[in-house]
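Participant:
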Amino acid sequence: MKWCSHGYVFQQLDALEPANGWLNQPDVLRKQMAEDGYLYLTDFLDPEDVLKARTELLHKLFEHGFIDPAFPLQDAVSLGRKRLPLNGKSPLSETLRTLPALLALSQHPKLMGFFEAFLGAPILNYDYLWLRAARIGEATGCHYDHVYMGRGTDQLYTSWIPLGDVPRVEGPLAILAGSNHFNFLIQTYGQLDVDRDKDKLDPTLHGWLTLNPNEPCHQYGGRWLTSDFHLGDVLIFTMYTLHCSLDNRSPENRVRLSIDIRKQLASEGADPRWVGENVVGHDG
Ligand SMILES: O=C(O)CCC(=O)C(=O)O
Numbered sequence: 034m035k036w037c038s039h040g041y042v043f044q045q046l047d048a049l050e051p052a053n054g055w056l057n058q059p060d061v062l063r064k065q066m067a068e069d070g071y072l073y074l075t076d077f078l079d080p081e082d083v084l085k086a087r088t089e090l091l092h093k094l095f096e097h098g099f100i101d102p103a104f105p106l107q108d109a110v111s112l113g114r115k116r117l118p119l120n121g122k123s124p125l126s127e128t129l130r131t132l133p134a135l136l137a138l139s140q141h142p143k144l145m146g147f148f149e150a151f152l153g154a155p156i157l158n159y160d161y162l163w164l165r166a167a168r169i170g171e172a173t174g175c176h177y178d179h180v181y182m183g184r185g186t187d188q189l190y191t192s193w194i195p196l197g198d199v200p201r202v203e204g205p206l207a208i209l210a211g212s213n214h215f216n217f218l219i220q221t222y223g224q225l226d227v228d229r230d231k232d233k234l235d236p237t238l239h240g241w242l243t244l245n246p247n248e249p250c251h252q253y254g255g256r257w258l259t260s261d262f263h264l265g266d267v268l269i270f271t272m273y274t275l276h277c278s279l280d281n282r283s284p285e286n287r288v289r290l291s292i293d294i295r296k297q298l299a300s301e302g303a304d305p306r307w308v309g310e311n312v313v314g315h316d317g
């Protein structure tokens with residue numbers, strides 16, 4: 034099968050390499066993060082804890098008419114073409130983003146413990162939780178996260194957590210290993226701020242660099258990597274690791290569900306848009 038993002042066929046797409054073997058060696062993990070820009074931890078979280086979050090979310094999506102009642106709830110089969118209000122400011126998106134099991138997952142003790150060892154001091158968890166529900170044909174374009182949350186420390190890390198098995202056909206995340214060394218891109222596109230620099234960003238791209246994952250590879254190098262993700266896996270990466278998602282091409286019309294969360298040292302400056310009791314979010 035040819036894998037695509039926004040209809041562009043990846044000219045190269047390899048497998049993420051798990052870092053589980055070094056879980057007890059934070060210095061090795063730090064070295065790998067610095068080299069490749071990511072750490073892939075397979076079977077890291079208790080599948081039951083992730084399933085709890087998935088089930089809670091699916092119940093709410095079902096209640097609001099986004100999930101097809103003709104299929105088992107856990108199949109997450111999409112109903113209709115109504116856009117899912119996930120990261121906006123509507124009351125429903127607020128309800129979905131703050132579901133107790135999702136929040137509990139975002140602050141899972143295993144994740145907090147991992148980051149404390151990885152960064153070597155107490156951790157700050159961003160209060161805002163980014164929820165994704167990609168239906169057939171939907172995908173995320175290539176971007177650095179710094180463009181969206183770059184007002185605090187650069188030593189902020191994203192953890193992408195699939196809420197269920199997400200095989201390649203259902204549009205998981207892919208990262209461009211080595212893109213954390215694209216100094217020109219980091220100093221140009223990487224310094225833009227999606228809320229401040231609207232005039233410098235293409236309004237049709239929502240802050241993304243491009244829809245075509247091959248473009249940055251041709252220009253700067255790197256290797257696109259992804260996986261058939263399983264319940265319990267976590268993919269961690271830097272603010273300057275380019276990533277995008279594959280197109281969801283589920284033959285069963287399944288919605289790809291995931292969350293992405295952010296953590297950093299508590300002692301460093303945080304992006305004020307995403308922390309606090311009433312997070313202001315974009316344009317705040
Ligand atoms: O899940 C997605 O489609 C996008 C996630 C993302 O951009 C991120 O984790 O930073």
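So the mapping is simple: this note's numbering equals the position in the sequence shown, first residue as 1, plus 33. All C-beta atoms in this analysis are idealised placements derived from N, C-alpha and C, irrespective of residue type, glycine included.
If we ignore side chains and look at the alpha-carbon of each, how far apart do Gly211 and Asp47 end up?
Facilitator: Roughly 13 Å between the two C-alpha positions.
Participant: Please say whether Arg289 and Trp307 have beta carbons closer to each other than 8 Å?
Facilitator: Contact: no.
Participant: Is the Cβ of His263 closer than 8 Å to any Cβ of chain C?
Facilitator: Here chain C cannot be found, since the structure has a single protein chain.
Participant: Would you tell me roughly how many angstroms separate the C-alpha atoms of Asp280 and Arg130, rounded to the nearest one?
Facilitator: Approximately 23 Å between the Cα atoms of the pair.
Participant: Residues in the same chain with beta-carbon distance under 7 Å from Ser283, minus the five sequence neighbours each way, listed in chain order, please.
Facilitator: For Ser283, where only same-chain residues beyond five positions count, the Cβ hits under 7 Å are Ile169, Val202 and Glu203.
Participant: Quick one: Cα of Asn53 to Cα of Asp261, how far?
Facilitator: Computed Cα separation, rounded: 16 Å.
Participant: Would you identify the three-state DSSP class for Thr128, choosing helix, strand or coil?
Facilitator: In the structure shown, Thr128 sits in a helix (DSSP, three-state: H, G or I).
Participant: Taking 7 Å as the cut-off, is the beta-carbon of Ser139 closer than that to any non-hydrogen atom of ligand 1?
Facilitator: No, Cβ of Ser139 sits at least 7 Å from all heavy atoms of ligand 1.
Participant: Let me confirm a value: Gln58 is counted as buried when at least 16 other C-beta atoms fall within 10 Å, else exposed. Which label applies?
Facilitator: Answer is exposed; the Cβ neighbour count stays below 16.
Participant: Considering only residues of the same chain and omitting the five flanking positions on each side of Gln140, which have a CB-CB separation below 8 Å?
Facilitator: For Gln140, where only same-chain residues beyond five positions count, the Cβ hits under 8 Å are Asn158.
Participant: Rounded to a whole number of angstroms, what is the C-alpha to C-alpha distance between Phe147 and Ser192?
Facilitator: One C-alpha to the other measures close to 11 Å.
Participant: Grab me the residues of Val227's own chain with a C-beta within less than 8 Å of its C-beta, minus the 5 sequence neighbours each way, in chain order.
Facilitator: Excluding sequence neighbours, Val227 sits near Val180, Tyr181, Leu234, His239, Gly240 and His315.
Participant: Does the distance from the C-beta atom of Leu117 to that of Phe95 stay below 8 Å?
Facilitator: No, they are not a contact pair.
Participant: Can you tell me whether Pro269 is helix, strand or coil according to DSSP?
Facilitator: Before going further, note that residue 269 is Ile rather than Pro in the sequence given. Three-state DSSP puts Ile269 in a strand.
Participant: List the whole-angstrom C-beta distance separating Ile219 from Tyr273, where the pair is believed to meet the contact cut-off of C-beta under 8 Å.
Facilitator: Rounded, the Cβ-Cβ distance is 5 Å, consistent with contact.
Participant: Looking only at C-alpha atoms, which of Gln65, Leu90, Thr259 and Asp232 sits nearest to Glu127?
Facilitator: Considering only alpha carbons, the answer is Leu90.
Participant: Can you tell me which of Thr221, Leu258 and Leu144 puts its alpha carbon nearest to the alpha carbon of Tyr177?
Facilitator: It is Thr221.
Participant: Does Asp232 pass the burial test, meaning 16 or more other C-beta atoms within 10 Å, or should it be called exposed?
Facilitator: Exposed, by the Cβ-count rule.
Participant: With burial defined as no fewer than 16 other Cβ atoms inside 10 Å of the residue's Cβ, what is the status of Asn213: buried or exposed?
Facilitator: By the 10 Å Cβ count, Asn213 comes out buried.
Participant: Residues in its own chain within less than 7 Å of Asn286 by CB, not counting five upstream and five downstream?
Facilitator: Excluding sequence neighbours, Asn286 sits near Val110, Ser111 and Ile169.
Participant: Would you tell me roughly how many angstroms separate the C-alpha atoms of Pro200 and Glu310, rounded to the nearest one?
Facilitator: Distance between the alpha carbons of Pro200 and Glu310 is about 35 Å.
Participant: Measuring alpha carbon to alpha carbon, tell me which of Leu298, Leu206, Ile194 and Thr259 ends up nearest Asp76.
Facilitator: Among Leu298, Leu206, Ile194 and Thr259, the Cα nearest to that of Asp76 is on Ile194.
Participant: Just to confirm, are Thr259 and Leu206 a CB contact at a threshold of 8 Å?
Facilitator: Closer than 8 Å, so yes.
Participant: So Leu209 packs on Pro249, CB below 8 Å; how close in whole Å?
Facilitator: Confirmed, about 6 Å.
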